[in-house]
Every structure is written in C-alpha cells, then in structure tokens.
Amino acid sequence: MNVRKAVIPAAGLGTRFLPATKAQPKEMLPIVDKPAIQYVVEEAVNAGLNDILIITGRGKRSIEDHFDRSVELEQVLEAKGKFDELKQVREISEMGAIHYIRQRDPLGLGHAVGVAEDHVAGEPFAVLLGDDIMREGNPLLQEMLKVHERYGRSVIAVQEVPREDISLYGAIRPEFVEERLARVVSIVEKPAPEEAPSNLAAIGRYVLTPEIFDALRATPPGKGGEIQLTDAINILAQEQAVYAYVFENGRFDVGNKLDYLRATLELAIDREDLREGLRAYLADFVQRKKIL
Numbered sequence: 006m007n008v009r010k011a012v013i014p015a016a017g018l019g020t021r022f023l024p025a026t027k028a029q030p031k032e033m034l035p036i037v038d039k040p041a042i043q044y045v046v047e048e049a050v051n052a053g054l055n056d057i058l059i060i061t062g063r064g065k066r067s068i069e070d071h072f073d074r075s076v077e078l079e080q081v082l083e084a085k086g087k088f089d090e091l092k093q094v095r096e097i098s099e100m101g102a103i104h105y106i107r108q109r110d111p112l113g114l115g116h117a118v119g120v121a122e123d124h125v126a127g128e129p130f131a132v133l134l135g136d137d138i139m140r141e142g143n144p145l146l147q148e149m150l151k152v153h154e155r156y157g158r159s160v161i162a163v164q165e166v167p168r169e170d171i172s173l174y175g176a177i178r179p180e181f182v183e184e185r186l187a188r189v190v191s192i193v194e195k196p197a198p199e200e201a202p203s204n205l206a207a208i209g210r211y212v213l214t215p216e217i218f219d220a221l222r223a224t225p226p227g228k229g230g231e232i233q234l235t236d237a238i239n240i241l242a243q244e245q246a247v248y249a250y251v252f253e254n255g256r257f258d259v260g261n262k263l264d265y266l267r268a269t270l271e272l273a274i275d276r277e278d279l280r281e282g283l284r285a286y287l288a289d290f291v292q293r294k295k296i297l
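Numbered per the numbering used here, the sequence shown spans residues 6 to 297.
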C-alpha cells in the first residue's frame, strides 16, 4: 500500500528555547521568514503526502492559525497590490489537507504517535518531527518511501554522529543489506557512548507500518512516565523487518540553539534574494571580530 499520510508531532514544550517559547510554540519560531513547521509540512507535501495530521498540545493554537486562511490579510494585500505576498499567503492554506489532534498530556514521542492511530486507519504512514527540518530539495523522505515501497516494511532515517553524542539519540545495531540500507537488529534509546551498539542515530524521519501501534501498546513507560517511539520500534524489529536508511547531510535540529542559528544562516544563503548581502555581511563580520 502506498503511503499517503504524514504525522507531525508538535506537542513538545520547547524548554530549550525559553523564554522565547513561553507563549509561542517552538515549531513557530521563524527560520528566515517561515516558521520551522512550514518547512516540515512542505517536505511532506513535496514527497506526495497530502494528508497531514499535526499532533499539538495546549498553547499551540497559532500552528492551526498559520495553516488556515487569513481573509483579512489577503484582502489587505490584494488592495495594496502586493500580489507576490498574497500568493505566498494563499499557498500556505492550500498545501494539503491538514488535520489536528491534541496530545492531552506530554507523555513522550511514542504516546504522541499513538494518538494518530484512528486517523492513520490501518495504513502505513510517515512521521516527521516538527523541530527537525531538512534543507529544501533534500530527497531523504522520498528515498525512504521508495525503500518502504520495495520491502513493505518500516523505515527509519539514521545518521552517523560522534560517539560522544550518541547518548542524545536512539542508536541502532545495523545489519547492512545494501550500501546505505541496513536491517535494524535492535535499537536502544539514549545509550551511554560505551554501551551504544553503533554511532548510527535515529533522526526525526520515519515511515511506519500500522503494526507500530501494537508495539506502542506493548511498550512500558520509561523515565517520567514517557512512552518512547524508539522502544516501540525495537519491539517491532523483533517481529518484522525494520530498515534504516543512512543519510549524511541537510538536516537541522532547530530545537537546538546552535543548529537553529546554523539553519537560519545556511537556508538564507541558499536564497537568491539574500545570498549576496549575507555573504558580504559575514565576510565583514569575520574580519571585524577577527574570528578566523
């Protein structure tokens, strides 16, 4: 069965970005002139996933407002002849069929994915984390969908990270079947570096079969009562094949302050309208501050 649906968990509290996220969802923090979650939705749509469920929480209403129509703003832009801006605003509300459901309690990523079960309705689906964004044009999700189409099984994105950083991620024990494709023998959540089965870390993109929901129900809560998606994937991997697609570049964790700044700079310098001015500023900045 082809994948048609995407689930975007966006219910986290964003504590790493306080005080900016006290009254604003972290997913709505702008990267240049677009909120982070818009990049994620566009990635899903560009991969052919037009049925999108965003998992929100309390204080996240601005996400819904962003993807809704803004009739008053459209009228003002049209009256002022700002047709390029009008086109941009209208395109946001026309990208796909976007649905919303709240995760009532912050009980972990696995719990957030679990509340999507009724919407998924027994189909395979993609999960894209709301604060992990990919460089525009990155084919990672399309490649993962191709792997799922070929094998009919779940696929997770993994990336090599420094061994000392693996405790921040889920780490897989791989059994390679192709150069960039491995079967997941096991996966463990946030292992100590000396205990990690590899330095291949699960990174924010998943294509999951509906059996993941049975695995989630079988997953005991961990620290803080949270249900970890990683633990459920490990259960699933013991029952059916789960594949890991290895990618290298183009990902930004915009829940991390340094990566947020890096994303802003790199995505801005990719744009024709900003490239030359930003390059000139950065060259001057480096010279003035004697950074190099």
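By construction, the Cβ of each residue, glycine as well, lies at the ideal position given by its N, Cα and C atoms.
Checklist line | DSSP-derived helix/strand/coil call for glycine 175 | finding: Position 170 of the sequence shown, counted from the start, is the residue given in the question as residue 175. DSSP places glycine 175 within a strand segment (E or B) once states are collapsed to three.
Item checked: Given aspartate 278 as reference, the closest of Leu146, Tyr174, Asp136 and Asp38 once Cα atoms are compared -> On the sequence shown, position 273 is the one that residue 278 refers to. Of the candidates Leu146, Tyr174, Asp136 and Asp38, the one whose C-alpha sits nearest the C-alpha of aspartate 278 is Asp38.
Note to self: Any contact between the segment 44-62 and the segment 102-113? By contact I mean 3 or more CB pairs, one from each, below 8 angstroms.
What the structure shows: They touch, by the three-pair rule.
Margin query: Three or more C-beta pairs under 8 angstroms: does that hold for the segment 166-182 against the segment 73-84?
Written below: Proximity of the segment 166-182 to the segment 73-84 falls short of the contact definition, fewer than three beta-carbon pairs being nearer than 8 angstroms.
Notebook entry, point to check: Among residues of its own chain, excluding the 5 on either side of alanine 117, which ones have a beta-carbon nearer than 6 angstroms to its beta-carbon?
Noted result: Here residue 117 is taken as the residue at index 112 of the sequence shown, counted from 1. Pro14, Ala16, Ile60 and Gln108, listed in sequence order.
Notebook entry, point to check: Using the beta-carbon count (16 or more within 10 Å), is valine 76 buried or exposed?
Noted result: Position 71 of the sequence shown, counted from the start, is the residue given in the question as residue 76. The residue is exposed, with fewer than 16 neighbouring Cβ atoms inside 10 Å.
Next item on the list: Look at the alpha carbon of glutamate 253 and the alpha carbon of glutamate 141, and state the distance between them as a whole number of angstroms.
Entry: As a first step, residue 253 must be located in the sequence shown, where it is residue number 248. As a first step, residue 141 must be located in the sequence shown, where it is residue number 136. Spanning the two alpha carbons is a distance of roughly 15 angstroms.
Notebook entry, point to check: Using 8 angstroms as the threshold, is the segment 200-218 in touch with the segment 118-129, meaning 3 or more CB pairs across them?
Noted result: Here the segment 200-218 makes contact with the segment 118-129; the two share three or more CB pairs at distances below 8 angstroms.
Note to self: Only counting the same chain, and skipping five residues up and downstream in sequence, which positions put a Cβ closer than 8 angstroms to that of glutamine 164?
What the structure shows: Mapped onto the sequence shown, residue 164 falls at position 159. The residues are Leu205, Ala206, Ile208, Val251, Phe252, Glu253 and Arg256.
Margin query: Less than 8 angstroms between the beta carbons of valine 4 and glutamate 200, yes or no?
Written below: An answer regarding residue 4 cannot be provided, because it is not within the stretch 6 to 297 covered by the chain.
Notebook entry, point to check: Within 10 angstroms of its Cβ, does alanine 121 collect 16 or more other Cβ (buried), or is it exposed?
Noted result: For this step, residue 121 is matched to residue 116 along the sequence shown. Alanine 121 comes out buried.
Check: Apart from the five residues on each side of it in sequence, which residues of its chain come closer than 7 angstroms, Cβ to Cβ, to threonine 269?
Finding: Stepping through the sequence shown from its first residue, residue 269 is reached at position 264. For threonine 269, same chain residues with a beta-carbon under 7 angstroms away, outside a window of 5 residues either side, are Ile36 and Val37 in chain order.
Notebook entry, point to check: In chain order, what residues of the same chain have a beta carbon less than 6 angstroms from the beta carbon of glutamate 5, not counting five sequence neighbours either side?
Noted result: In the structure as shown, the chain begins at 6 and stops at 297. Residue 5 is therefore absent and cannot be evaluated.
Next item on the list: Kindly identify the DSSP beta-bridge partner or partners of arginine 107.
Entry: By 1-based counting over the sequence shown, the position of residue 107 is 102. Note: arginine 107 sits in a beta bridge opposite Thr61.
Check: With DSSP run on the structure shown, which of helix, strand or coil describes glutamine 29?
Finding: Numbered from 1 along the sequence shown, position 24 holds the residue referred to as residue 29. DSSP, reduced to helix, strand and coil, places glutamine 29 outside both helices and strands of the structure shown, so it counts as coil.
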